[in-house]
Amino acid sequence: MPASAELKALVDQIPDHAKGGSYVNLTPETGEAMRKLAAEILKGGRDNVLGIIEMLAEPKEGQPIADIKPHYALHILAVQVTGTGDDKARADVALAIASQVGGDKPKAIQKYLVQELGVCGGKEVTDTLGKLLLDADLCDDAARALAAIKDGAPEVLLAALPKVKDRARLSVVKKLAVLKCEKAADAFKQALGDQDPDLRIAGGWGIARIADASAADALLKAADGAKDWLRINLTDAAMSLAEALVAAGKKPEAAAIYAHIAKTRTDPTEKHLKDAAERGLAAAK
Amino acid sequence: MADQSVSRRSFLQGAAAAATAFAIVPRSVLGGEPAKAPPSETFACGLIGCGGQAGEDLNSYIKHWGADFKVLAAADCHYGRLNNAKKRWGEQVELHTDWRRVVERKDIDVVSIATPPHWHALCCIAAAQAGKDILCEKPMTRFIAEGRAVVTAVKRYRRVFQIGTSGRFGACKSGTSRQIHKIMRSGLLKNNCQGVFIQKGGFPVKRYCGLVNAKPEPVPKELDWDMYCGPGPLRPYHHDRFGWNHRFYWDHEGGALADFAQHHMDPFQWIYGKDDASPVEIESLAPPAHPECCTPWAWVELKYADGMTLVLDGNEWGPRYDRKPARHVKLEDLDAESQKKLAELPDPEPLLTFPEAVRQRKESGGHVEAAHRAITIAHLANISIRLGRKIKYDPVKEEAIGDDVANRLVYQPMREPWHL
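So the sequence lines, in the order shown, correspond to chains V and S. Going by the working numbering, the first residue of the first sequence is number 11, and it counts up by one from there. Going by the working numbering, the first residue of the second sequence is number 34, and it counts up by one from there.
The structure is reproduced here in structure tokens:
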């Protein structure tokens, strides 16, 4: 929806930046005026949000940035609406933003919109973000926004899991780990055996995050057979898992992990692991 | 590596095969961590980040405190800077474009991290996991959850960590500061502390505003921009985001607060006994924040659960803070009986320098929890500025209370393949 003349006039009231290119020239008075302006724009609801989005422009190499004010304005709206206590207004703004991703707008603009969904979005936009997980250009941004939103995100990430590959799969598995999604337990175990070392690390981290005792042996086996960066990360995942199991009252399962690490990390350069495992073992008894 | 100058191609072809012939034997190989090493001990060091600040921590926290170091490996994603590493620290330095190769090395005792701050936490965590002791430039982190993850890793493996600021080492020598420290740590004030500490100035608020008109530029061929952006969003390249001015952007640092609060808060925290605490209410005066660029601010007021108030007054932009006057914590704040009890308490332990801490396997003066809590102050202040509202914070759970959006700034999901 094209911006109305009224909306353009409102957005244009955002001060010009200083000559050097920053907003050092703002004052407490102009700052307050910007907040009032945002409140005024919000009164226009969805149409105004869509209008601002139409004013956004793709940044291009060597060309002046053409959307400084609407870019700033959209963010002020996104932040401000989360502080009003009016969840419907917040959801309306988020839904308006979400309606403009997934189409033919330049990816740079869509990335910005996804970023702002990570600010003001809630469960109402997770399905839209879930669809972006299948877009190689937007997957990582969408996954991060989902992990920030949390509510409703695990279901969307799980649904995408069978459809995503390579880097997108890594994003999805990792964000399921961020969200401590227990329903992703099998995905984490499967990731441990992947050819991609980053995915193996993600699997190990996920197992630790959900304190999955049933995956301890697989994790230790993967760590034992790994070298360098992978070994460092998977062994740490096993240590984290043991700590999580202690916290969950599963001391025997934790002790088994600690005992294995204490027994196998005998090289002097892994003494810190052996020592940490022995301390953990003592605490888990 | 035969050819000691670095290009992207030479690294891709040769990094894996590189070998070092340098002869410092790390302490771990000599049987772990001796209770006491000779004062002349030379630390085998790896550098992550070869820009202007690289190696400064080695000088300030190893050499200045009577020990020595030898740099064995260095990493940077800017090949020009990396190539300078040999000139600065000797021909023995092995060069890596990927910092993970430095952490993997088994012959390194200490990793010194001088990257932009968006990398600090991940490098610290990996170094701890690999059994290295750590010198980390300030600010320690870019957001709060990173700090907790660093603390967890450092404590899990009992590594020695020293943040790149040393204000508390001076503060702990002052009689007045020691008395305040003792009063605050005694618990005798209970939750009735009337102290108001105002950090007036010391934040270049105006200078630290990012460029909102930064046009995308071609990535210099000597720079791996994707690696530079690392766990943060992959933005179009602009020279202002690379090098010193990265400080002006949320993705990389967080403005004057993030850059200077670690310095200012390090002594404050020691004096006022806040190494294991964080504020519970945070309020600021600032215009609406820009999504990517730091913008100006006037002041931030932070209140602790015990009644203590901390104020960060930028003293450059907008009105000065005038809600309360500064007020020291005094002996007279205690009743007579409490004063007697205080007199019977031992004086604070001296702070250990980094070399002492490494030798004794104890915490360094600028230890990890203190550093995390110090920079948490800046992060909380920035969250209040970025959201334009008062924040309530739980210092134990390390979460904002009743503000889901604030918590999205407490924990910021990372770009793949990185995670905390």
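The beta-carbon is built from N, C-alpha and C at its ideal position, and this holds for glycine as well. In this text the structure is predicted, and so the values were computed from the model without any measurement.
Just to make sure I have the definition right: I need the residues of chain V whose C-beta is within less than 8 Å of the C-beta of residue i. Which are they?
i, result
"residue 162 of chain S", "242, 243, 245, 246"
"residue 211 of chain S", "Those do not exist, as residue 211 of chain S stays about 33 Å from chain V at its closest Cβ, beyond 8 Å."
Keeping to the same chain, check which residues put their C-beta closer than 8 Å to that of residue i; ignore five residues upstream and five downstream.
i, result
"residue 79 of chain S", "104, 105, 106, 107, 108, 135, 136, 138, 141, 143, 144, 145, 165"
"residue 266 of chain V", "226"
"residue 118 of chain S", "80, 83, 87, 104, 107, 109, 126, 128"
"residue 191 of chain S", "394"
"residue 288 of chain V", "268, 272"
So who's on the other strand from residue i, going by DSSP bridges?
i, result
"residue 346 of chain S", "S:233, S:332"
"residue 195 of chain S", "S:168"
"residue 111 of chain S", "S:256"
"residue 80 of chain S", "S:107, S:145"
"residue 433 of chain S", "S:426"
"residue 282 of chain S", "S:326"
"residue 129 of chain S", "S:108"
"residue 360 of chain S", "S:229"
"residue 318 of chain S", "S:332"
"residue 75 of chain S", "S:101"
Measure the C-alpha to C-alpha separation of residue i and residue j and round it to an integer number of angstroms.
i, j, result
"residue 5 of chain S", "residue 270 of chain S", "Because chain S in this structure spans residues 34 to 453, residue 5 of chain S falls outside the shown range and cannot be described."
"residue 220 of chain V", "residue 256 of chain V", "13 Å"
"residue 310 of chain S", "residue 293 of chain V", "26 Å"
"residue 377 of chain S", "residue 202 of chain V", "57 Å"
"residue 48 of chain S", "residue 41 of chain V", "Only weak support exists for where residue 48 of chain S lies, its pLDDT of 36 falling under 50; the coordinates are left without a value."
"residue 440 of chain S", "residue 44 of chain V", "24 Å"
"residue 26 of chain V", "residue 79 of chain V", "8 Å"
"residue 211 of chain S", "residue 189 of chain V", "44 Å"
"residue 326 of chain S", "residue 175 of chain S", "14 Å"
"residue 91 of chain S", "residue 386 of chain S", "12 Å"
"residue 71 of chain V", "residue 247 of chain S", "10 Å"
"residue 280 of chain V", "residue 272 of chain V", "10 Å"
"residue 278 of chain S", "residue 83 of chain S", "16 Å"
"residue 450 of chain S", "residue 216 of chain V", "14 Å"
"residue 161 of chain V", "residue 268 of chain S", "27 Å"
"residue 209 of chain V", "residue 389 of chain S", "40 Å"
"residue 446 of chain S", "residue 181 of chain V", "11 Å"
"residue 218 of chain S", "residue 382 of chain S", "12 Å"
"residue 73 of chain V", "residue 280 of chain S", "24 Å"
"residue 251 of chain V", "residue 14 of chain V", "56 Å"
"residue 180 of chain S", "residue 17 of chain V", "42 Å"
"residue 133 of chain V", "residue 159 of chain V", "7 Å"
"residue 284 of chain V", "residue 263 of chain V", "17 Å"
"residue 142 of chain V", "residue 100 of chain V", "21 Å"
Applying a beta-carbon distance threshold of less than 8 Å, which residues of chain B neighbour residue i?
i, result
"residue 326 of chain S", "In summary, chain B is missing from the structure at hand, where the protein chains are V and S."
Can you name the residues of chain S whose CB is closer than 9 Å to the CB of residue i?
i, result
"residue 44 of chain V", "320, 321"
"residue 19 of chain V", "Near residue 19 of chain V there are no residues of chain S at all, since even the closest Cβ is about 19 Å away, more than 9 Å."
Output needed for residue i: all residues of its chain with C-beta closer than 7 Å, excluding positions within five of it in sequence on either side, in chain order.
i, result
"residue 200 of chain S", "296, 299, 300"
"residue 197 of chain V", "171, 183, 186"
"residue 56 of chain S", "Note that residue 56 of chain S has pLDDT 44, beneath the 50 cutoff, so the model's placement of it is unreliable and the number below is only indicative. Correct list: empty, nothing qualifies."
"residue 278 of chain V", "none"
"residue 103 of chain V", "59, 87, 88, 91, 130"
"residue 331 of chain S", "318, 319, 347, 350, 351, 352"
"residue 408 of chain S", "172, 173, 174, 180, 294, 295"
Residue i touches chain S at which residues, Cβ-Cβ below 8 Å?
i, result
"residue 71 of chain V", "248, 249, 250, 251, 269"
"residue 184 of chain V", "449, 450, 452"
"residue 27 of chain V", "245, 246"
"residue 125 of chain V", "266, 324"
"residue 223 of chain V", "Near residue 223 of chain V there are no residues of chain S at all, since even the closest Cβ is about 19 Å away, more than 8 Å."
"residue 94 of chain V", "Result: empty, since nearest Cβ-Cβ is about 10 Å, beyond 8 Å."
"residue 208 of chain V", "449, 450"
Take residue i and list the residues in its own chain whose beta-carbon comes closer than 6 Å to its own, dropping the five residues that flank it on each side.
i, result
"residue 444 of chain S", "178"
"residue 159 of chain S", "136"
"residue 63 of chain V", "110"
"residue 65 of chain S", "Residue confidence is low: residue 65 of chain S scores 43 on pLDDT, short of 50, so the model does not pin down where it sits. Its coordinate-derived value is still stated next. Taken in chain order, the list of residues that qualify is empty."
"residue 442 of chain S", "416"
Output, in chain order, the set of chain V residues within a Cβ distance shorter than 9 Å of residue i.
i, result
"residue 433 of chain S", "Within 9 Å Cβ-Cβ: nothing; residue 433 of chain S doesn't reach chain V, min ~12 Å."
"residue 331 of chain S", "38"
"residue 446 of chain S", "128, 153, 154, 155, 156, 157, 158, 184, 185, 188"
Under 7 Å Cβ-Cβ, which residues of chain V neighbour residue i?
i, result
"residue 242 of chain S", "32, 33, 34"
"residue 190 of chain S", "282, 286"
Subject >> the stretch 346 to 361 of chain S / the stretch 222 to 236 of chain S touching (three or more Cβ pairs under 8 Å) >> reply: Yes: the two stretches touch, three or more of their Cβ pairs being nearer than 8 Å.
Original post:
Do the stretch 25 to 36 of chain V and the stretch 237 to 249 of chain S make contact, defined as three or more Cβ pairs closer than 8 Å?
Top reply: Counting Cβ pairs under 8 Å, three or more are found: they touch.
Original post:
At a cut of 8 Å, does the stretch 424 to 431 of chain S reach the stretch 135 to 149 of chain V through at least three beta carbon pairs?
Top reply: They do not touch, by the three-pair rule.
Original post:
Below 8 Å, can you find three or more Cβ-Cβ pairs linking the stretch 89 to 99 of chain V to the stretch 260 to 274 of chain S?
Top reply: Using a Cβ-Cβ distance cut-off of 8 Å, the stretch 89 to 99 of chain V and the stretch 260 to 274 of chain S are not in contact, since fewer than three pairs of beta carbons, one from each stretch, lie closer than that value.
**OP:** Specify whether the stretch 314 to 324 of chain S and the stretch 403 to 421 of chain S touch according to this definition: at least 3 beta carbon pairs, one from each stretch, less than 8 Å apart.
**Re:** With a cut-off of 8 Å, the stretch 403 to 421 of chain S and the stretch 314 to 324 of chain S count as touching, because enough Cβ pairs lie within range.
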